[in-house]
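J.:
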Amino acid sequence: MRNSRLLISRICAGFFVVLLIPHGTLFAAPKTVWSLLQQAKSVSSTPDCGRNVSAVISAYRQVLTLSPKNEEARDMITGISMACASELELAESVDDVNRARELSNLINTNFIDTLWRTGYKAKNGNKYAQLTLGVYNRHGLLVKQPSIKKSCEFYKQAAEQGVAAASYRYSLCLANSNKNMAMKYNRQAAVSGHAAAQHLLGEYYLDGPEKNENEARIWLEKAAAQRRTGAQTLLGWLYATGTGGDMDNDKAAEMYLEAAKKNDPIAQNNLAELYEKNPDLAPMKDVVHWYGRAASQGLAVAQLNFGRLYAKGEGVQQNDCKAMNFIEKAREKGLVEADKAHKWMIENGHTCRNNQ
154 MRNSRLLISR ICAGFFVVLL IPHGTLFAAP KTVWSLLQQA KSVSSTPDCG
204 RNVSAVISAY RQVLTLSPKN EEARDMITGI SMACASELEL AESVDDVNRA
254 RELSNLINTN FIDTLWRTGY KAKNGNKYAQ LTLGVYNRHG LLVKQPSIKK
304 SCEFYKQAAE QGVAAASYRY SLCLANSNKN MAMKYNRQAA VSGHAAAQHL
354 LGEYYLDGPE KNENEARIWL EKAAAQRRTG AQTLLGWLYA TGTGGDMDND
404 KAAEMYLEAA KKNDPIAQNN LAELYEKNPD LAPMKDVVHW YGRAASQGLA
454 VAQLNFGRLY AKGEGVQQND CKAMNFIEKA REKGLVEADK AHKWMIENGH
504 TCRNNQ
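Numbering (my numbering) for the sequence shown: 154 to 509.
(1) How would you label ASP248, buried or exposed, when you count the other beta carbons within 10 angstroms and need 16 or more for buried?
(2) Are the beta-carbon atoms of TYR323 and CYS305 separated by less than 8 Å?
(3) Which term fits GLN341, buried or exposed, when burial requires 16 or more other beta carbons within 10 angstroms of its beta carbon?
(4) Which full runs of the alpha helix (DSSP H) of 4+ residues lie inside the region 307-389, going along the chain?
(5) Going by beta-carbon coordinates alone, are ALA350 and ASN339 separated by less than 8 Å?
(6) Going straight from the alpha carbon of VAL537 to that of ALA212, what length do you get?
(7) Pull up the distance between the alpha-carbon of THR382 and that of SER220, whole angstroms please.
(8) In chain order, what residues of the same chain have a beta carbon less than 6 Å from the beta carbon of GLY355, not counting five sequence neighbours either side?
(9) For the alpha helix (DSSP H) containing SER211, list its first residue and its last residue.
(10) Around the C-beta of ARG270, are 16 or more other C-beta atoms found within 10 angstroms, so that it is buried, or is it exposed?
(11) Assuming contact is defined by CB atoms lying nearer than 8 Å, are ALA136 and MET400 in contact in what I supplied?
(12) Is it buried or exposed for ARG291, if we count other Cβ within 10 angstroms and need 16 for buried?
(13) Find the nearest neighbour of ALA236 within the set GLN191, THR218, GLU225, LEU286, judged by alpha-carbon distance.
(14) Terminal residues of the continuous alpha helix (DSSP H) containing PHE479?
(15) Hey, would you say VAL206 sits closer than 8 Å to ILE233, going by beta carbons?
(16) For LYS415, which of helix, strand or coil comes out of DSSP?
(17) Where do the ends of the alpha helix (DSSP H) carrying ASP433 lie?
(18) Write down the C-beta distance between CYS202 and GLU245 rounded to the nearest angstrom, noting that I regard them as a contact closer than 8 Å.
(19) By Cβ distance, which residues of its chain are closer than 8 Å to ASN223, with the 5 residues on each side in sequence left out?
(20) Which same chain residues, not among the five before or five after SER300, have their C-beta less than 7 Å away from its C-beta?
(21) The alpha helix (DSSP H) with SER257 in it runs from where to where?
(22) Look up ASN423 in the DSSP assignment and say whether it is helix, strand or coil.
(23) Tell me the DSSP secondary structure of VAL489 in three-state form.
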């Protein structure tokens, strides 16, 4: 009895109940939950999906372990899940494939119990919850299977409330059914600073019915400034060809190099071509390097260019076998120029037997 104590509780009509309570447990659980909640808040008091997100999730999960229905902790976890969905959209908008994959795994691993609450928030008009459900249904995260139809419905709801990422996604939903409305939503997203929407608007001005090369360059510069890989590659081409403004090989090389480092094969091939035509920009070894990088990713034109270097012995030791190997790979992909190169090799006696 030494480690226990009495608790007298008045129930009703003057009757008392005497309870035997183990020593040290009276009101202990609420105090522990409160302490853990304060500790979690010290890690982060606002829902975000930064680099320390795992620590934040862990801190609030400890609260829920002791108090599964703690509203503050549950709302925080749901808020973090929504922030991560927005972060996933942002990563995709700048072609950050690795970050997008990391966030997808994070969502699938940590937020299955937030789905009901997210749905409740979306139903009650929370635009970021609507965006989140658009992301989940598009990727098949936390749901039984992906649904483009459902994702478009949620994106529409969020787009109507001015969420830029949702406007861009909804514009893609409308691309085949209502091109004018699709461009309206895409333009809204672009004006709001969405990199992928800016890229798409740049392409629209470059090749669409309202062709305006100057406008194309302006929007692509905005998207490239946010490090969207595809926009950097296309902007490099505009600089290299003088499309929509002055020709500038230095800027072209800068844009191509940024995208090439992120493993864009088109940028890698274009950078090698630019270096090859302008030897003052870089040594021949860089030409070989970037053609090789792009060829190894299966880009047909790069395989042809890499084969050409081996056929002529430019920057590499001349090797007919390697030349024919890369030219054949380009031919298999239907590249007409590769057929011509193959014919030239045969007619000029450059067969693989010469290097056996």
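For each residue, glycine too, the CB sits at the ideal point set by N, CA and C. The structure displayed is predicted, hence computed values, not measured ones.
T.: The short version:
(1) buried
(2) yes
(3) buried
(4) 317-326, 332-344, 348-360, 366-378
(5) yes
(6) This structure cannot speak to residue 537, because the chain is shown only from 154 to 509.
(7) 45 Å
(8) ALA369, TRP372, LEU373
(9) 206-219
(10) buried
(11) Residue 136 lies beyond the residue range present for the chain, which begins at 154 and ends at 509; the question has no answer from this structure.
(12) buried
(13) LEU286
(14) 473-485
(15) yes
(16) coil
(17) Neither: ASP433 is in no alpha helix (DSSP H) and is coded neither H nor E.
(18) 14 Å between Cβ atoms; not a contact.
(19) VAL186, LEU190, VAL216, LEU217
(20) ASN290
(21) 250-263
(22) helix
(23) helix
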